[in-house]
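Enquirer: Chains as they are written, first to last, in numbering that gives the first Met the number 0: chain A, 0 to 72; chain B, 0 to 675. Heads up, the beta-carbon is just placed ideally off N, CA and C, and yes, glycines get one too. Before anything else, here's the structure in question.
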Amino acid sequence: MKTAAELKEGEKGIINKVDFKNPCSKRILEFGFTPGKEIELVNESVFRDPITFSVRGTLIAIRKNEARSIILS
Amino acid sequence: MNTNNSGSIPFIVLVGAPNSGKTTLFNYLSGKNYKTVNYPGSTVEYHTSKISEKYNFNAMILDSPGIISLVPSSPDEQVAINSLYEHPKYGKPDLVVLTVDASQISRHLLLAKELKDAGFRIVIALTMLDILKKKNLQIDYEKLSDLLGCKVAPVNGQTGEGIYELIQILKNEMLSEPVNTNGTDGILVKDSYKKYLIKTYNDIEKIEDEVLIPVVDKKSLEKANSQLKVLNNELKNKLEAPDSYTLKIDRILLHKTWGLIIFFFIMAFTFTSIFYLAVPIMELVSQFFGLLSQGAIDLLGNGWFGNLIANGIIGGTGAVLVFIPQIFILFLILGFLEDTGYLARGAMLVDRPLSKLGLNGRSFVPMLSGFACAIPAIMAARTIRSRKERMLTIFIIPLMSCSARLPVYTLIIALLMPEDKLWLGGIALASIYLFSILSAVIVAGIVNKFSKTLIREKSHSSFILELPTYRKPKLKVILNNAYVNSKMYLIKAGTVILVLSIILWFITFFPNTNPKVDTTGLSKNQAETLINSERLENSYSAMLGHVIQPIMTPIGMDWRVGVSLISAFAAREVFVSSLALIFKVTGSDGTLQNSLLKAMRRATIEKTGKKLFTFATSLGIIIFFIFALQCISTLAISRQETGSWRIPMLQLFIYTSIAYILTFITVNGLRAFGIQ
């Protein structure tokens, strides 16, 4: 089971589901990380965390901890 | 639905995601003539205004804080969303105007759907159509209006085009009878809300497919077949790709090496600006009020009334105004960084180390500013969205070694260092800064551990941040923002600082208002200084100093240092001038600093006859100043920004206790090793 946190810079993935148990899952869904959407890891911060995703035409930076709740197919 | 306070003018609320062009639209509608207000009992702000007269539409408009959904994720959002349903003063809005960034339509329509589902009457103001056009796309407004069941008005934020049409739509909406739309509060249920989100996003994607149409020039339109009108995958991919310039710039600004170097330079620039750019202006302000105050003394005499006007009121006003240059410059730079889109990226770069302390990448700029002055720094913490992280940042800012401590450190270092080894002083000063940074890190870690009891916020920390598209900053908006923040400081914290300054003046002046001193053979200035010294020595604060003598003795100091510490609450650097007064230094030995140093070297503790300023006690004073929260202005601003006296009082108590205990350990520890 691959999560969005495991993507490499420039790698794409399609969201399978979002783990509702993560306390941030609501926020993640609201920002448009919904099942079926393709996302790309665009940037890693200097300390490799947070990471930036391209989703729905914009860039969203989230911590790796939160990215782990995005499960890819 | 339509339950506005009866008979009054229409109440319209502006809602939208951050960066959706909401503030720009509000500026157009209000004609930039607005009030900034806090929601009752909170620090969340909103702006209200009448719709500008030139539109000939008598209505009240409220600009609410940016939100991305109707289900709050933080206490601040909770406040904003609750008052959208029922504003404490204006009731329920008659109309909600939602700004939707056309190039972000898939995300921004979420709020439209939620507002509709919650039963609000909405009108959509569609912004950033120019950005969409660059991607060769446009929006079929009528279809969007049909599919959503609300009016849609395109608005151009650059030119103001479309505002009159929007106003016309609002007028018409107000005339028409409201359709009875009862909200389904189902979206508020926790787990089903997540399912609702997934379903709603699916619906939005269908709407998106129908309303987005390619831009075609006239010729191809003539031979346009039905296929062209349908959004093809290539164009759709274009829409889903972030702005290409932004991606290119990010390759440099978020680069693992260059990004960090550029970040460092931008921060160095920010810091030096508030440190060096503001200082000459601050000195001008101080000098101006110094002259004014001297003028008042000359005019009204050196009695209690003259002094009340000169030192209490004029001096107090000066103490308030002296912070304005720093606040204005810092908010100018912050506004610039925020508006261009850099601030979010800077926060991302340094988030990792700060997250270990329970802070956030956005805490960096406020903490850095704290090395210049805690007042603008605590205000700058507004850019932190999470309330817990904002409170924690405000909590530890007073530990950053602000510039007002510098005169105290220099004085004590000059006292300790031999005059032929000046470089040693530089090392000492650097060590003090290093030590205070280290202490701040440790204290932040401890405060974070106890965050539940200390700042009463949940300890769950997150970082989900949109990195906005880079764009040209709007100077007018930035200037206005800096102006509004400075004004708010003046009104809210300013009055508190003024009152506290006058109280402080009172206890350092009364009751011995007209001391008898022998001034024969002294110049006018020396005589005045001597009178001031005599007054301070017999003042309430000196009595207080005597009262706290038992507390001062264990740390090797006496009541005279105590009085100076009390006076230093006006501003830390006052410690130096207050010491000069209490030691009756009249500047007869060259410079004031030199005479003061001589007096300090001679000073002995009255009862024991031992030297007052030994190595141990001098180091103790430095330790005390590193930790103690000795600044009424910091307390006032902390109250303003946290919404109550609880956090500033905790800061005062905790930091002053730490200061005292560590000073005690330092002084007595050194003595135990035979170092006096």
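Taking 8 Å as the CB-CB cut-off, is B:Leu108 touching chain A?
Expert: Put simply, the CB of B:Leu108 is far from chain A, with every gap to its CB atoms at 8 Å or more.
Enquirer: Given a threshold of 16 other Cβ atoms within 10 Å of its Cβ, counted over all protein chains shown, does A:Glu8 qualify as buried or as exposed?
Expert: exposed
Enquirer: Under three-state DSSP, which class holds B:His86?
Expert: strand
Enquirer: Alpha carbon to alpha carbon, how far is B:Leu252 from B:Val349? Give it in angstroms, no decimals.
Expert: 13 Å
Enquirer: In or out: B:Leu290 buried (at least 16 other Cβ within 10 Å) or exposed?
Expert: With a 10 Å radius around the Cβ and a threshold of 16 neighbouring Cβ atoms, B:Leu290 comes out exposed.
Enquirer: Check this for me: beta carbons of B:Leu238 and A:Val41, under 8 Å apart or not?
Expert: Going by C-beta atoms, B:Leu238 is not nearer than 8 Å to A:Val41.
Enquirer: Using the beta-carbon count (16 or more within 10 Å), is A:Gly56 buried or exposed?
Expert: Label assigned to A:Gly56: buried.
Enquirer: Using 8 Å as the threshold, is the stretch 522 to 530 of chain B in touch with the stretch 566 to 578 of chain B, meaning 3 or more CB pairs across them?
Expert: No: fewer than three Cβ pairs fall under 8 Å.
Enquirer: B:Glu572 lies in the beta strand (DSSP E); which residues open and close that run?
Expert: That residue, B:Glu572, is in no beta strand (DSSP E); it is neither H nor E in DSSP.
Enquirer: At 3 residues or longer, what runs of the beta strand (DSSP E) sit wholly inside the stretch 93 to 164 of chain B?
Expert: 94 to 100, 121 to 126, 136 to 138 and 150 to 153
Enquirer: Ordered along the chain, which non-local residues of its own chain (more than five positions away) have a Cβ less than 6 Å from that of B:Lys112?
Expert: Thr199
Enquirer: Closer than 6 Å by C-beta to B:Leu497: which residues in its own chain qualify, once you throw out the five before and the five after it? Chain order, please.
Expert: Gly315 and Val319
Enquirer: Within its chain, find whatever has a CB closer than 6 Å to the CB of B:Ile396; leave out the 5 residues flanking it on each side and keep chain order.
Expert: So the qualifying residues of the chain are Gly369, Ala373, Ala376 and Ile377.
Enquirer: What three-state label does DSSP hand B:Ser225 in the structure shown?
Expert: Residue placement at B:Ser225 is poorly supported in this model, since its pLDDT is 49, which falls under 50; the coordinates still yield a value, given next. DSSP places B:Ser225 in helix when its eight states are reduced to three.
Enquirer: Quick check on B:Arg601: buried or exposed, where buried means 16 or more other Cβ atoms within 10 Å of its Cβ?
Expert: exposed
Enquirer: In three-state terms, what does DSSP make of B:Ser48?
Expert: strand
Enquirer: Find out if the Cβ-Cβ distance for the pair B:Asn356, B:Gly444 is shorter than 8 Å.
Expert: According to the sequence as given, residue 356 of chain B is Leu; it is not Asn. Yes, the Cβ-Cβ distance between B:Leu356 and B:Gly444 is below 8 Å.
Enquirer: For the alpha helix (DSSP H) holding B:Val364, just list the boundary residues, first then last.
Expert: Phe363 to Ser368
Enquirer: Residues in the same chain with beta-carbon distance under 7 Å from B:Ile674, minus the five sequence neighbours each way, listed in chain order, please.
Expert: Phe614 and Ala615
Enquirer: With a cut-off of 8 Å, does the C-beta of A:Ile59 fall near any C-beta of chain B?
Expert: yes
Enquirer: To the nearest angstrom, how far is it from the Cα of B:Leu108 to the Cα of B:Asp208?
Expert: 13 Å
Enquirer: Measuring CB to CB, does B:Gly745 end up less than 8 Å from B:Met127?
Expert: Outside the shown range of chain B (0 to 675) lies residue 745 of chain B, about which nothing can therefore be said.
Enquirer: B:Ile621 and B:Phe568: beta carbons closer than 8 Å?
Expert: no
Enquirer: Within the same chain, show all residues whose beta-carbon is closer than 6 Å to that of B:Gly185, passing over the 5 residues directly before and after it, in chain order.
Expert: In this predicted model, B:Gly185 has a pLDDT of only 47, less than 50, meaning its place in the structure is not dependable enough to derive any value.
Enquirer: Does chain B have any CB closer than 8 Å to the CB of A:Ser44?
Expert: yes
Enquirer: Listed from N- to C-terminal order along the chain, which residues in the stretch 90 to 124 of chain B have their beta-carbon within a distance smaller than 8 Å of any beta-carbon of chain A?
Expert: Ser102, Gln103, Ser105, Arg106 and Leu109
Enquirer: Please confirm whether B:Tyr200 has its beta-carbon closer than 8 Å to some beta-carbon of chain A.
Expert: yes
Enquirer: How many whole angstroms separate the CB atoms of B:Val99 and B:Leu61, which I take to be in contact at a CB cut-off of 8 Å?
Expert: Not confirmed; about 18 Å, so no contact.
Enquirer: Between the alpha carbons of A:Leu6 and B:Ser72, how many angstroms are there, rounded?
Expert: 27 Å
Enquirer: Near B:Trp558, which residues of its chain fall below 6 Å by C-beta distance, leaving aside the five closest residues on each side in sequence?
Expert: Gly544, His545 and Gln548
Enquirer: Using 8 Å for Cβ pairs, my map puts B:Ser285 next to B:Gly317. What's the rounded Cβ distance?
Expert: Between B:Ser285 and B:Gly317, the beta carbon gap of about 6 Å places them in contact (Cβ cut-off 8 Å).
Enquirer: With H, G and I counted as helix, E and B as strand and the rest as coil, what does DSSP make of B:Ser694?
Expert: Only positions 0 to 675 of chain B appear in the structure, and residue 694 of chain B is not among them; the question remains open.
Enquirer: Are B:Leu410 and B:Glu388 closer than 8 Å when you measure CB to CB?
Expert: no
Enquirer: Quick check on this structure: which residue in B:Ile8, B:His46 and B:Tyr33 has the alpha carbon closest to the alpha carbon of B:Val14?
Expert: B:His46
Enquirer: Check B:Glu465 in the structure and name its three-state DSSP category.
Expert: strand
Enquirer: Please state whether DSSP places B:Met59 in a helix, a strand or coil.
Expert: strand
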